[in-house]
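Let me begin by presenting the structure, written as structure tokens, before commenting on it.
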Amino acid sequence: MDNLLQDLRFALRSIRSSRLITAAAVLSLALGIGATTAIFSAVDVFMIRPLPYPGAERLVSVYTAVPDRGWTEASSALPDIVDWRDAAGSIQLAAFRSEGMNLSGTDRPERLSALVASANMPAVIGFQPAVGRAFLPEEELDGAGQVAMLSDGLWRDRFGSDPAVVGSTINLDGLTYSVVGVLPPKFQFPQGTYDVWVPWQVTGEEDRRSQSWNVLGRLSDGATIEQARDELGRIASGLEEAFPESNQGRTTNLVPLRDDIYDEGFRQGSLISSVAVVLVLLIACANVANLLLARGAGRRREMALRGALGAGRRRLARQLLTESLLLSLSGGILGVLVALFGIKGLVSMMPAFFPQRDLVALDGRVLTFMAAATVASAFIFGLAPSLQVSSVQLRDALSEGGRGSSGGARAGRLRRGLVLAEVSLSVVLLISAALMVRTYAAMKEVDLGYRTENVLTARLSLPEAKYPDREALNAFWREALERVEAIPGVEIVGATSTIPTYGNNMTYYGIPTEEPAPAGQQPIVSIKYVTPGYLEAMEIELVRGRALEERDREDTAPVVLINEAMARRHWDGADPLGELVAFSASTPEIVGVVSDTREWGPESDPFPIVYLNAYTSTSRTMGLTIRTTGDPHEILDEFRTTMLALDPDQPLYDALSMEEVMREEMGGSMVMVKILGVLGVLAFLLAVVGVYGVIAYSVARRTQEMGVRMALGAERADVLRLVVFQGTRMGATGVAIGLLLSLGVTRGLSFFLFEVDPLDPVAFGSVAVVLLASAVLASYFPALKATRVDPVTAFRAD
8 MDNLLQDLRF ALRSIRSSRL ITAAAVLSLA LGIGATTAIF SAVDVFMIRP LPYPGAERLV
68 SVYTAVPDRG WTEASSALPD IVDWRDAAGS IQLAAFRSEG MNLSGTDRPE RLSALVASAN
128 MPAVIGFQPA VGRAFLPEEE LDGAGQVAML SDGLWRDRFG SDPAVVGSTI NLDGLTYSVV
188 GVLPPKFQFP QGTYDVWVPW QVTGEEDRRS QSWNVLGRLS DGATIEQARD ELGRIASGLE
248 EAFPESNQGR TTNLVPLRDD IYDEGFRQGS LISSVAVVLV LLIACANVAN LLLARGAGRR
308 REMALRGALG AGRRRLARQL LTESLLLSLS GGILGVLVAL FGIKGLVSMM PAFFPQRDLV
368 ALDGRVLTFM AAATVASAFI FGLAPSLQVS SVQLRDALSE GGRGSSGGAR AGRLRRGLVL
428 AEVSLSVVLL ISAALMVRTY AAMKEVDLGY RTENVLTARL SLPEAKYPDR EALNAFWREA
488 LERVEAIPGV EIVGATSTIP TYGNNMTYYG IPTEEPAPAG QQPIVSIKYV TPGYLEAMEI
548 ELVRGRALEE RDREDTAPVV LINEAMARRH WDGADPLGEL VAFSASTPEI VGVVSDTREW
608 GPESDPFPIV YLNAYTSTSR TMGLTIRTTG DPHEILDEFR TTMLALDPDQ PLYDALSMEE
668 VMREEMGGSM VMVKILGVLG VLAFLLAVVG VYGVIAYSVA RRTQEMGVRM ALGAERADVL
728 RLVVFQGTRM GATGVAIGLL LSLGVTRGLS FFLFEVDPLD PVAFGSVAVV LLASAVLASY
788 FPALKATRVD PVTAFRAD
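Laid out in structure tokens, this is it:
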């Protein structure tokens, strides 16, 4: 203990005596450790820690699978789910789907995210309401009355945390619901956060062909996922025999809930981010090791004298490692601030749909990891300098005095090797970042087939209680579009059942002139209900025929538009105008063909779409698309006022410009761009500082040599070239090694790349040029200082 305290006191004095080196080392370590901790905080939530539910390892997602179509994770039909639930013994099943509900009857209407679920959902997940009770089994039967559970956030924000809210009523979509419970604080449903929960209403008349429900299961005690998979497969086979028209070819697929929530994208992203940030930490450690080697060269006499006075090599190494540990602890303490800002920035990069992102924080688990990383860093960067300096002999140290030695050829080679490692690793990170930036640029260049500039979008959902039929709905939508079009700054307005990227509505169909497909193998198409004006507002090109018009109403012959992908599917090269498309309730005529659109963002391919007149449907939720003369946000306030004046109980929601909608859609792809970009820049700065430090130290230690050269007639330009060449050669070697490493590493980014080759020459070439130029500049300034050496002063230098 006495020796340890002595080492600590001496280490503190030693660190204080080298303030510049200490500051540089602590800053490098803080950046490396802080960045590593920030990334770990997300990786821990996404990949390591169990889901925050009791017995989470027994939770699974259950999907309908149709092998003939290649579907493995399709939604399920309500009657099928009821049959699975009643017959299964190895697994408890609960169903759910997301909906929106309008909260009205308060000081302001509000659109709520609602989870419609089977009554046993709380039991399957494993929680009890914090206030009140959960749903009762009989409350999921149609006609049993409406009940609801509130989220903790909604309870606090809208009801002031009043426990008396349980037993009171609220108005949702024009209907009265009794509040029976409040969810626990910070509770998150596996697939998102919801404001209100309501039980599903089972009538017994539901269509088995309507697949719109998701299923969550909990394995029974002692049951395995294989047993549950086999059992549900047998039940599905029985349903296929009993209901061949709807269930032909259908089976089930079970996926562990963790794997379902954090899919391949999360796994790949977590792995790549972890590797990238570890490389940054290694670069930071190499930087600090270089600083300690440079500092150690000046302490060779000190170490040699201490050795001559009886201190063994192990004792000296321990002393130096103690200093490294203090440096690392200082870096770790400062790294807490870096980690806090890093985690805040990391969470802000994540789109709102990232599951459990609110759990990414600097908690006890993350701080434990940070402490371990701090100690590990001390040994990584401190071991080599400790062994190097503690092995010096007194005679060697004394013989070096006054001759401009750099501390031995071996120490010089080690310093240069560390810089090569820094440069090569930074090349790998910068190329990875460049590939992601190129991917983002490629996405931005994709022709989506519709306009994103100067278009405002927003959604409205009309409750059945207030708008019971098509006539009431159409009256509202027509009046709404007329009023919005009258707002100053609005060019044209339209409406659609699905704004691009906001999901889709698929249905089976047939072509009367073609051979009917077997049951279960009918083709599917995306259905969009649109008003006249939608195509013009979104600037979707009419390729052939005519657009939908006001005269296309429910009392006229049904007509549709199709896109080019639909035309290619059935009439490749031929004219589809006048052909018919058969749906379950109608057989409309094709009157026009429009250009393809990428409805789900730049990474999606055009899919066959049929456009129907919205006034012939009973769509209750519509998205308004408004083309404006200027910034669409300038009309937003008047737009809201106009809609509330039309119906004060119907809140406008998701009011965003189309550019904002697209940024939100691309948010998941942008996470890796931002992470690798930040880490790449950080690695680049550390590498450039490393090159500069080695060259500057070399020049400082070679003062006598420079003086002698100039005294013997060397020109300043000769000295400048000599020093710059040394740094450039070191940088070029590191770049070459980094390029070779990148040839293998960047293939791991293929999952995230879009229309960019993992070996993209532009990314490789630009990074190589930038780093070589940076190495030249990092060498130039120390070289310039070397040319100003006065020979007389140089001869006096020790």
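Take the sequence shown: its position 116, counting from 1, is numbered 123 in this note's numbering, and each next residue is one higher.
All C-beta atoms, glycine included, are put in the ideal place defined by N, C-alpha and C.
Fair warning: this is a prediction, and the values are worked out from it, not measured in the lab.
- Here the alpha carbon of Leu-683 sits roughly 45 Å from the alpha carbon of Ser-111.
- Approximately 19 Å separates the beta-carbon atoms of Gly-349 and Gly-675; this is outside 8 Å, ruling out the contact.
- Straight across, the Cα-Cα distance linking Lys-681 with Thr-43 is about 15 Å.
- Here Leu-190 really is in contact with Asp-159; their C-beta atoms are around 6 Å apart, less than 8 Å.
- The shortest C-alpha to C-alpha distance from Val-69 to any of Val-50, Arg-236, Trp-204 is the one to Arg-236.
- Between Leu-390 and Ala-293, the CB-CB gap reaches or exceeds 9 Å.
- Look at Tyr-541 here: in three-state DSSP terms it is helix.
- When DSSP states are grouped into helix, strand and coil, Asp-656 belongs to the coil group.
- Within the same chain, and ignoring the five residues on either side of Ala-785 in sequence, the residues whose Cβ sits closer than 7 Å to its Cβ are Val-695, Val-698, Tyr-699, Ile-702, Gly-734.
- Residue pairing by DSSP places Lys-535 opposite Tyr-618 in a beta bridge.
- Annotation for Ala-291: Ser-35, Leu-36, Leu-38, Gly-39, Leu-693 place their beta carbon closer than 7 Å to its own, counting only its chain and skipping 5 residues before and after.
- About 24 Å separates the CB atoms of Leu-659 and Leu-455; that is not less than 8 Å, and the two are not in contact.
- For Pro-206, DSSP records a beta bridge to Ala-124.
- Within its own chain, the residues whose Cβ lies closer than 7 Å to the Cβ of Leu-746, once the five positions on either side in sequence are excluded, are Val-434, Phe-771, Ala-775, listed in chain order.
- Counting along the chain, the unbroken alpha helix (DSSP H) around Gly-738 starts and ends at 723-752.
- With at least 16 other beta carbons inside 10 angstroms of its own, Met-737 counts as buried.
- For Phe-53, there is no enclosing beta strand (DSSP E), as DSSP marks it with neither H nor E.
- Here DSSP, grouped into helix, strand and coil, assigns Leu-455 to coil.
- Counting along the chain, Ile-177 sits inside the beta strand (DSSP E) bounded by residues 176-179.
- Between Glu-666 and Glu-460 a beta carbon distance of about 7 Å is seen, short of the 8 Å cut, so the two are scored as contacting.
- In its chain, beyond the 5 residues on either side, Leu-427, Ser-431 have a beta carbon closer than 7 Å to the beta carbon of Ile-744.
- The alpha carbon of Leu-791 has as its nearest neighbour, out of Ser-773, Arg-728, Phe-361, Ser-384, the alpha carbon of Arg-728.
- Check the Cα spacing between Trp-204 and each of Thr-464, Pro-192, Thr-231, Met-128: the tightest is with Met-128.
- For Leu-333, the closest of Asp-267, Val-67, Ala-383, Arg-118 by C-alpha to C-alpha distance is Ala-383.
- The C-beta distance from Leu-469 to Arg-627 rounds to 5 Å, short enough to meet the 8 Å contact threshold.
- The DSSP-derived three-state label of Gln-275 is helix.
- Around the C-beta of Ala-32, 16 or more other C-beta atoms lie within 10 Å, and the residue is accordingly described as buried.
- Across the structure, Asn-511 and Val-500 are spaced so that their CA atoms are roughly 21 Å apart.
- Counting along the chain, Ala-102 sits inside no alpha helix (DSSP H); it lies in the beta strand (DSSP E) bounded by residues 98-111.
- Cβ-Cβ separation between Trp-207 and Glu-147: approximately 5 Å, consistent with a contact (criterion under 8 Å).
- The shortest CA-to-CA distance from Asn-254 to any of Leu-179, Ser-217, Lys-451, Gly-167 is the one to Ser-217.
- Remark: three or more beta-carbon pairs, one from each stretch, lie closer than 8 Å, so the segment 568-576 and the segment 611-630 are flagged as touching.
- The Cβ-Cβ distance between Ser-219 and Ala-84 falls below 9 Å.
- In the three-state scheme derived from DSSP, where H, G and I count as helix and E and B as strand, Val-382 is classed as helix.
- Close CB contacts of Leu-264 within its chain, under the 8 Å cut and outside five residues either way in sequence, are with Leu-58, Ala-63, Leu-66, Val-67, Ser-68, Pro-197, Leu-223 (chain order).
- Per the C-alpha coordinates, the member of Gly-150, Asp-149, Val-154 positioned closest to Ala-141 is Val-154.
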